[in-house]
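Protein chains in written order, with the numbering used here: chain A, 988 to 1100; chain B, 12 to 126. We treat Cβ as the ideally placed atom computed from N, Cα and C, and that holds for glycine. These figures come from a predicted structure and were not determined experimentally. Inspection log for the structure reproduced underneath, given as structure tokens.
Here it is, written out as structure tokens:
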């Protein structure tokens, strides 16, 4: 079945450091890919998404490119802030009516000043 | 506008008791999902409702779990004879339509603790 694998954390960085969180997927067909973020004490919220190969999703300085050839959707940010400290989830959804999100295990990011 | 709301935010129950968790989706969203977030299993799909269609129950872990959605809006997830392994955060999400490309909007979750 479909699955998502993302790098395990925690990831600890200093402010202004570069961030990469790796995410790879296994799926039949052409799924949509998502990054969700969960800030401390808050619910899941969509960070960015891409719906077809070579699409780049971006938001709040974060980017991820849908790479079909490597089945990857790595999350990147050039300069992290303390406020980026959160748990990040990579997810996919098959492009069929009603399919649920399949999530990776989540990666905890901690940014210190 | 109002987002997805869930109640209660926290629930502590004794093993063997039944619990009901409520979800109010965003108005006009026809698709509604329940997920469970636990330390050992991560985020798991439980059940999906789309309009008036029969729900997709393929993610429910046992027959102790059931859910209904009344009038295409509010949903209730019921867990009968709760067990300690049911302790988790139960998340509800809604989406404007049933297609796979759209964003799901999540509620804040209900933290269930079974003692």
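Item                                                                                                               : Value
Pair within 8 Å by beta-carbon distance, residue 1024 of chain A and residue 1067 of chain A                       : no
Contact with chain A by residue 101 of chain B, beta-carbon distance below 8 Å                                     : no
Check whether residue 1035 of chain A and residue 1049 of chain A have beta carbons under 8 Å apart                : yes
Interface flag, residue 993 of chain A vs chain B, CB-CB below 8 Å                                                 : no
Rounded distance between the beta-carbons of residue 118 of chain B and residue 1092 of chain A, thought under 8 Å : Incorrect: roughly 21 Å between the Cβ atoms, too far for contact.
Beta-carbon gap between residue 45 of chain B and residue 37 of chain B smaller than 8 Å                           : no
Proximity winner among B:41, B:34, B:122, relative to residue 108 of chain B (alpha-carbon distances)              : B:41
Length at least 4, wholly inside the segment 989 to 1023 of chain A: the alpha helix (DSSP H) runs in chain order  : none
Cα-Cα separation, residue 1011 of chain A to residue 70 of chain B                                                 : 23 Å
Per-residue contacts from residue 1033 of chain A into chain B (C-beta, under 9 Å)                                 : 114, 115, 116, 117
Rounded straight-line distance, which links the Cα of residue 102 of chain B to that of residue 80 of chain B      : 15 Å
Residue 82 of chain B in three-state terms, based on DSSP                                                          : helix
C-beta contact flag for residue 1069 of chain A and residue 1045 of chain A at 8 Å                                 : no
Exposure of residue 1047 of chain A, with buried meaning 16 or more beta-carbon neighbours within 10 Å             : exposed
Coarse secondary structure for residue 95 of chain B, derived from DSSP in three states                            : helix
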